[in-house]
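Take a look at the structure below.
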Amino acid sequence: MQIKEILFLKIPVFFNFIVILVLFFFIWGWFSSSLILKVPKLSLEINPASFNLNSENIEFLTSDGIKISGWFVRSRIAEKSNKTIIICHGWGANKSDIFPSTIYLLKKGFNLLYFDFRNHGASGGSVSSIGKLEGLDLTAAVEYLKKEKPEFSQKIGVYGISMGASVAILTAAQDERISAIVVDSPFSSFNYIVLRYAKLFYKIPKYPLTPVTFLFAKMRLGFNPDDFSAVRYVKKISPRPIFFIHGADDERIPVEEGKKLHSMAGEPKEFWEVSGADHMESHSKNPLEYERRVAEFFVKYLK
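This is how it looks when you write it as structure tokens:
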């Protein structure tokens, strides 16, 4: 058999291998990016009425037309407080999850606005970006307050946890109507958190699969989500104040992430490392100290 004939026989085998490889990477890219972009919506387990609190069910539209669902709860000690804190939940959660651990702020003279990020809770939308798109949601919440409740929002603060914390950094850096922010367990970047979760929960190494995930996420979103990471924006918040809180034993988002962002932020800034706390456990591990520190921060800077 001549060399040309041998090469001809091997071409179909090589071609099939390439087709299978391309098909595998396509399936992997679509599946893995869907784990990030398509968050299963969880039902709201509680509401303000569960705590005998009167609230107003609100809705507002984002600049790209997504309907956002929320609650507006007035301060319990001031008949008409002009200070409102917007509360931002984490990825895969909703406004009811963060409600019990934040209502203490009502007793400190603040109104509270809770909302579900897009593709979460009772809000619309079917895609999450862990950054840019959620920033549009938070910006829309600020717009709602300024347009519909100006007498309650002469001063606006933001409290965010996990994804909500990173989105708060991104948004506050671009919106000076936000006067002060508290961020609990933020992550520095989109790429970091995807790599971290891939390794922690799925035992997937950085190469060769995660670059495919990043590529598909970028193609499906129409932009590079890493460009809208907190690490690229945190220094732009100063001279407005920012308070970082992070659990010392956080396995999902290590405390080094919070320290990294804190080191890059301008003054005024504060950092509190909570001993013995895993991810989003800082409040439950030390509730009295947590509530005192957060309340004092907002009282000081939302004068």
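So the mapping is simple: this note's numbering equals the position in the sequence shown, first residue as 1, plus 713.
Built from N, CA and C at the ideal position, the CB exists for glycine as well.
Bridge partners - residue i, DSSP secondary structure assignment
i, result
"Glu983", "Phe956"
"Gly838", "In the DSSP output, where bridge partners are listed per residue, Gly838 has none listed."
"Asn770", "Trp784"
"Asn824", "Thr797"
"Lys972", "Paired residues: none, contrary to the question."
"Asp693", "The question about residue 693 has no answer here: the residues shown for the chain are numbered 714 through 1016."
"Ile891", "Ile869"
For residue i, the nearest candidate out of the options (CA to CA)
i, options, result
"Glu1002", "Asn795, Tyr817, Ile799 and Ser756", "Tyr817"
"Phe945", "Ser901, Pro921, Tyr905 and Lys972", "This sequence places Arg at residue 945; Phe is not what is there. The shortest C-alpha separation from Arg945 is found at Ser901."
"Phe1020", "Arg787, Gly783 and Phe936", "Nothing about residue 1020 can be reported from this structure: the residues present for the chain run from 714 to 1016 only."
"Phe672", "Leu913, Leu766, Pro967 and Ser898", "Here the chain has residues from 714 to 1016 only, and residue 672 is not among them."
"Lys982", "Ala911, Ile882, His996 and Tyr905", "Ile882"
"Gln887", "Leu851, Ala911 and His996", "Leu851"
"Glu847", "Ala990, Val907 and Ser942", "Ser942"
Residue i versus residue j: straight-line alpha-carbon distance, rounded
i, j, result
"Trp804", "Tyr915", "17 Å"
"Val752", "His833", "7 Å"
"Asn795", "Ser988", "35 Å"
"Ile790", "Lys1016", "16 Å"
"Asp963", "Met993", "8 Å"
"Pro924", "Thr797", "41 Å"
"Val732", "Val895", "50 Å"
"Tyr827", "Lys808", "6 Å"
"Val871", "Lys754", "23 Å"
"Leu736", "Trp743", "11 Å"
"Val947", "Ile843", "16 Å"
"Asn999", "Phe739", "46 Å"
"Glu986", "His996", "12 Å"
"Leu734", "Ala878", "39 Å"
"Ile779", "Leu849", "9 Å"
Own chain, CB closer than 6 Å to residue i, minus 5 neighbours either side, in chain order
i, result
"Glu769", "Phe785"
"Lys821", "Ala1008"
"Ile891", "Ile869, Val871 and Ala885"
"Asp829", "Ser782, Asn807, Lys808, Ala835 and Ser836"
Neighbourhood of residue i by C-beta distance below 7 Å, restricted to the same chain and skipping five residues each side
i, result
"Ser746", "Thr926, Phe929, Ala930 and Arg933"
Q: Report yes or no: do the region 751-762 and the region 795-812 share at least 3 C-beta pairs separated by less than 8 Å?
A: yes
Q. Is the region 836-853 touching the region 764-784 in the sense that three or more CB pairs, one from each, lie closer than 8 Å?
A. yes
Q) Touching or not, the region 854-861 and the region 949-966, by the rule of three or more beta carbon pairs under 8 Å? A) no
Q) Quick one: any contact between the region 992-1008 and the region 971-980, if contact means 3 or more CB pairs under 8 Å? A) no
(Q) For the region 907-926 against the region 974-983, do three or more pairs of beta-carbon atoms, one drawn from each stretch, fall closer than 8 Å, so that the two count as touching? (A) no
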